[in-house]
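Report on one structure; see the data block that follows.
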Amino acid sequence: MKLLVLVNNYSGRNSDNSCAAVEKVLQTFSGYTRIEVDIILFSTADYAGYDVINLIYPEALSYAFAYVPRQWLVENFCCLSHDYYMYTENDLIISQPALLDCIHINEDLSRISRRLAAGFIRYEQRAEKIYIDMLPCTRPTVEKTLQTAEGQKFWIPGNIHSGNFLLSRSQLAHLIDCNLFQTRFAQYGKQYGGILESAASDVYLDFQKVLPEDFTRVEIEHISNKYDGLTHRQLRNEVAAPSGAIGC
Numbered sequence: 348m349k350l351l352v353l354v355n356n357y358s359g360r361n362s363d364n365s366c367a368a369v370e371k372v373l374q375t376f377s378g379y380t381r382i383e384v385d386i387i388l389f390s391t392a393d394y395a396g397y398d399v400i401n402l403i404y405p406e407a408l409s410y411a412f413a414y415v416p417r418q419w420l421v422e423n424f425c426c427l428s429h430d431y432y433m434y435t436e437n438d439l440i441i442s443q444p445a446l447l448d449c450i451h452i453n454e455d456l457s458r459i460s461r462r463l464a465a466g467f468i469r470y471e472q473r474a475e476k477i478y479i480d481m482l483p484c485t486r487p488t489v490e491k492t493l494q495t496a497e498g499q500k501f502w503i504p505g506n507i508h509s510g511n512f513l514l515s516r517s518q519l520a521h522l523i524d525c526n527l528f529q530t531r532f533a534q535y536g537k538q539y540g541g542i543l544e545s546a547a548s549d550v551y552l553d554f555q556k557v558l559p560e561d562f563t564r565v566e567i568e569h570i571s572n573k574y575d576g577l578t579h580r581q582l583r584n585e586v587a588a589p590s591g592a593i594g595c
């Protein structure tokens with residue numbers, strides 16, 4: 348299994364905190380042992396000491412920089428041979444177990460429906476974990492709960508943004524071939540929040556993002572403590588709602 352990771356590091360040299368964050372992110376990916384991973388760092392600064400490809404772009408791109416990795420991916424996709432492709436912001440710690448579980452869940456979901464795709468959920472560490480993707484908004488925390496014929500339980504989050512996306516090669520090829528994979532903001536009329544949110548999340552406007560009942564399997568750490576959200580107990584109680592048939 349081969350994974351290509353595209354890290355959006357626009358803020359790389361703007362602060363000591365962001366430098367420390369991206370270094371921790373690179374250390375985590377470089378430490379994977381159960382999957383072959385290639386890392387491309389899209390940045391405004393040079394990073395040495397890591398086994399990554401560092402592509403440097405001008406800061407003048409500003410927020411449009413968020414779509415640079417996606418443009419690169421489209422231009423080079425035919426030359427790539429990875430099984431999975433990930434785009435991620437530069438302040439997310441994605442452990443190897445979470446990554447492998449997300450891939451495993453995605454494979455299972457794809458066999459049920461090609462519209463379904465697994466994803467991650469972010470937390471911030473305080474005295475206890477706070478799941479920040481579950482911020483109060485006009486949409487419910489849990490849109491719907493689902494259950495397969497085999498009894499596996501999943502749920503659809505009201506907020507699809509988690510600062511990244513993970514797609515199999517066939518899923519990404521489908522988006523590119525059908526002119527659904529945007530390489531600039533709202534290129535095909537789709538957006539989810541602003542530029543930064545859309546770059547990380549608009550693929551889940553074409554695929555239905557689904558999370559497992561035990562969401563800790565795909566939890567990832569946001570290196571910050573600035574957002575509100577739900578505790579594990581609060582989110583677990585919301586997920587424990589009556590289930591519907593998967594694919595409805």
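Per the working numbering, residue 348 is the first one in the sequence shown, and the count goes up by one each step.
Quick reminder that beta carbons are idealized off the backbone N, C-alpha and C, glycines included.
Which residues in the same chain as residue i place their Cβ atom closer than 7 Å to its Cβ, once the five residues preceding and following it in sequence are excluded?
i              : result
glutamate 436  : Asn355, Gly510, Asn511 and Ala547
isoleucine 450 : Tyr431
leucine 447    : Arg381 and Ile382
tyrosine 539   : Ile507, His508, Ser545, Ser548, Asp549 and Leu552
glutamine 418  : Thr530
Within 10 angstroms of the Cβ of residue i, are there 16 or more other Cβ atoms? Answer buried if so, exposed if not.
i              : result
histidine 508  : buried
threonine 488  : buried
isoleucine 400 : exposed
arginine 580   : exposed
serine 545     : buried
alanine 368    : buried
isoleucine 403 : exposed
tyrosine 642   : Residue numbering for the chain in the displayed model covers 348 to 595; residue 642 lies beyond these limits and cannot be assessed.
alanine 390    : Going by the sequence as given, residue 390 is serine instead of alanine. Classification for serine 390: buried.
tyrosine 434   : buried
proline 405    : exposed
alanine 407    : exposed
tyrosine 357   : buried
arginine 469   : buried
Among residues of its own chain, excluding the 5 on either side of residue i, which ones have a beta-carbon nearer than 6 Å to its beta-carbon?
i             : result
glycine 594   : Residue placement at glycine 594 is flagged as unreliable, the pLDDT there being 46, under the threshold of 50; the coordinate-derived value follows with that caveat. These residues qualify, in order along the chain: Ser460.
leucine 463   : Leu456, Gln555 and Val557
leucine 351   : Asp385, His429 and Tyr432
leucine 527   : Asp553
leucine 577   : Tyr478 and Met481
tyrosine 608  : Look at the range of the chain in this structure, 348 to 595, and you will see that residue 608 is not part of it.
threonine 375 : Ile440
lysine 537    : Asp549 and Leu552
Since I believe residue j is in contact with residue i (beta carbons under 8 Å), could you give me their beta-carbon distance rounded to a whole number of angstroms?
i                 : j                 : result
valine 372        : phenylalanine 467 : Not confirmed; about 14 Å, so no contact.
glutamate 298     : isoleucine 479    : No statement about residue 298 is possible, as the shown extent of the chain runs from 348 to 595 and does not include it.
arginine 473      : asparagine 572    : 6 Å
phenylalanine 501 : proline 559       : 6 Å
leucine 388       : tyrosine 394      : 6 Å
isoleucine 440    : isoleucine 567    : 6 Å
For residue i, list the residues DSSP reports as bridge partners.
i              : result
histidine 521  : The partner list for histidine 521 (beta bridge, DSSP) is empty, contrary to what the question assumes.
alanine 465    : Val557
aspartate 385  : Leu351
glutamate 568  : Ile440 and Tyr470
asparagine 356 : Ser390
leucine 577    : Tyr478
Can you give me the Cβ contacts of residue i inside the same chain, cut-off strictly under 8 Å, excluding the 5 residues immediately before and after it?
i             : result
leucine 519   : Leu420, Phe424, Tyr432 and Phe528
aspartate 438 : Ser365, Ala368, Val369, Val372, Gly510, His569, Ile570 and Ser571
glutamate 475 : Thr578 and His579
aspartate 398 : Ser377 and Ile386
leucine 522   : Leu514, Phe528, Val550 and Asp553
Residue ranges of each beta strand (DSSP E) within the region 389-456, 3 or longer: Look at the region 389-456 and you find these whole runs of beta strand (DSSP E), each 3 residues long or longer: 400-403 and 431-436.
Every unbroken beta strand (DSSP E) within the region 468-551, with a cutoff of 3 residues, ordered by chain: Qualifying beta strand (DSSP E) stretches, in chain order: 468-472, 476-478, 489-494, 500-504 and 511-515.
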